[in-house]
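Residue numbers (my numbering): 3 to 295.
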């Protein structure tokens, strides 16, 4: 069993201290722009703090942290000075360096050689459950097409914006669609299961969702790791897997939470670029079409 970690209030206090010290870049004036495309609600979170965030594994961190050695051998995520607490013996909870919301957290494997293109292990899911609070989304970007920007395996946590709901909040697993794959009102495949609140059997749920995904999606990626890149998104109530084909369409890019319509960007110009492409069309291109092609 994983050890008890800091309370939600203690984690928030440590996050705030890192913001005040200047280590964590957090735009306290994040602008929220609502937009509805074909009935699908988007929230664009405009935060200047994201302007220096690396977007691919090849890009380098432009902060002074670049010049400090990684905390873990094999890691390409420099967490020195950003640590919040250990989670069991296999993970460490850290503050994200570039934040659009408060708090924005990373759960990294203590083994710096664990990679972001591999599916999660049981201990990773247990770690997520230990950290995850009511009112938060946990997510994992598995594979380049799923929108990861670093190689070292890490899961992320963000608070749910006030009043924000997603198609994944619907009570029915897979929303009763024929053959699974989610509601026909959503133009890409997704696979969802309710959780019983105990935190037990998470790996079985995850593996089951990935099996359904592999059966429905014809898309396969090349390169190392999973041939079915996907986003994992979790709350205390449900777990969902969204297969991905791409993370970039012209100037638009996103990871797990963007597939729910929650899109962090660094400028208002980026919002206009998304609008010009048609936000729902962007998500359709990022995901796998409902016919699985």
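We treat Cβ as the ideally placed atom computed from N, Cα and C, and that holds for glycine.
Check: Close Cβ partners of residue 64 (< 7 Å) along its chain, the five nearest in sequence each way excluded; Outcome: For residue 64, the predicted model reports a pLDDT of 41, less than 50, meaning its position is unreliable and no value from the coordinates is stated.
Check: Collapsed DSSP secondary structure at residue 128 in the structure displayed; Outcome: helix
Check: CA-to-CA distance, residue 108 to residue 158, given in whole angstroms; Outcome: 5 Å
Check: Reference residue 241; option with closest CA among 92, 202, 282, 223; Outcome: 202
Check: Buried versus exposed call for residue 9 [16 or more other C-beta atoms within 10 Å across all chains shown]; Outcome: exposed
Check: Residue span of the beta strand (DSSP E) that contains residue 288, given as start and end; Outcome: Careful: residue 288 lies outside any beta strand (DSSP E), inside the alpha helix (DSSP H) at 281-288.
Check: Cβ-Cβ separation, residue 129 to residue 93 (assumed contact under 8 Å), whole Å; Outcome: 4 Å
Check: Boundaries of the alpha helix (DSSP H) in which residue 207 is found, first to last residue; Outcome: 204-218
Check: Cβ separation of residue 87 and residue 7, assumed to be a contact under 8 Å, to the nearest whole Å; Outcome: 5 Å
Check: In chain order, each alpha helix (DSSP H) run of at least 4 residues that lies wholly inside the region 233-288; Outcome: 270-279, 281-288
Check: Span of the beta strand (DSSP E), counted from its first residue to its last, around residue 20; Outcome: Run containing residue 20: none in the beta strand (DSSP E); it sits in the alpha helix (DSSP H), 10-23.
Check: Where the beta strand (DSSP E) through residue 143 begins and ends; Outcome: 138-144
Check: Candidates 212, 45, 133, of which the one nearest residue 121 by Cα; Outcome: 212
Check: Residue environment, residue 168, which counts as buried when at least 16 other CB atoms sit within 10 Å; Outcome: buried
Check: Exposure of residue 115, with buried meaning 16 or more beta-carbon neighbours within 10 Å; Outcome: exposed
Check: Separation of residue 25 from residue 83, as counted between CA atoms; Outcome: 8 Å
Check: In DSSP terms, what residue 158 is bridged to; Outcome: 108, 141
Check: Residue 247, buried or exposed, once every other Cβ within 10 Å from all chains shown has been counted against 16; Outcome: buried
Check: Outcome for residue 81 when other beta-carbon atoms lying within 10 angstroms are tallied against a minimum of 16; Outcome: buried
Check: Neighbour-count burial assignment, residue 68, 16 or more Cβ in a 10 Å radius; Outcome: The predicted position of residue 68 is uncertain, since its pLDDT is 49 and thus under 50; no value can be drawn from it.
Check: CB contact flag (residue 217, residue 292, <8 Å); Outcome: no
Check: Local Cβ density within 10 Å of residue 126, reported as buried at 16 or more and exposed below that; Outcome: buried
Check: DSSP bridge partner residues for residue 35 (one or two, in chain order); Outcome: 46
Check: DSSP state of residue 171 mapped onto helix, strand, coil; Outcome: helix
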